[in-house]
Amino acid sequence: DGKCVICDSYVRPCTLVRICDECNYGSYQGRCVICGGPGVSDAYYCKECTIQEKDRDGCPKIVNLGSSKTDLFYERKKLARGSWNIVGLYY
5 DGKCVICDSY VRPCTLVRIC DECNYGSYQG RCVICGGPGV SDAYYCKECT IQEKDRDGCP
65 KIVNLGSSKT DLFYERKKLA RGSWNIVGLY Y
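Residue numbers for the sequence shown follow this note's numbering, beginning at 5 and rising by one.
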């Protein structure tokens, strides 16, 4: 949909995204890198991510998955800390 796969910017798409063979195999072939839905257009890195060489970090699906897992870890930690007094099951 014109979004940069790293920073979600709609501004100045620049470099075409390359996906590793493992992420584009079988039922994953032709799927959106970000949401996993049917792919309708090519994915691009924005100009800023290209200048910062974020397009060379590796497969964007793996890079995004890594940051998603990190975000999930801290989100669970935050929720556990807040609900410890109420439920008492998280610690």
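Cβ coordinates follow ideal geometry from the N, Cα and C atoms, glycine included.
task: Report all residues from its chain with a CB closer than 7 Å to the CB of Asn-89; omit the five preceding and five following residues, and keep chain order.
output: By 1-based counting over the sequence shown, the position of residue 89 is 85. Low confidence applies here, because Asn-89 scores a pLDDT of 49, under 50, leaving its location unreliable and the question unanswered by this model.
query: Cβ of Cys-8 within 8 Å of Cβ of Cys-63?
result: As a working note, residue 8 is residue 4 in the sequence shown. As a working note, residue 63 is residue 59 in the sequence shown. No, the Cβ-Cβ distance between Cys-8 and Cys-63 is not below 8 Å.
message: Closer than 7 Å to a non-hydrogen atom of the ligand GDP - does that hold for the CB of Ala-84?
response: The ligand content of the structure shown is nil, which means the ligand GDP is not present either.
query: Which residues in the same chain as Cys-24 place their Cβ atom closer than 6 Å to its Cβ, once the five residues preceding and following it in sequence are excluded?
result: As a working mapping, residue 24 is identified with position 20 in the sequence shown. Correct list, in chain order: Cys-63.
- prompt: Given a threshold of 16 other Cβ atoms within 10 Å of its Cβ, counted over all protein chains shown, does Cys-53 qualify as buried or as exposed?
  reply: Residue 53 sits at position 49 when you count from the first residue of the sequence shown. With 16 or more other Cβ atoms within 10 Å, it is buried.
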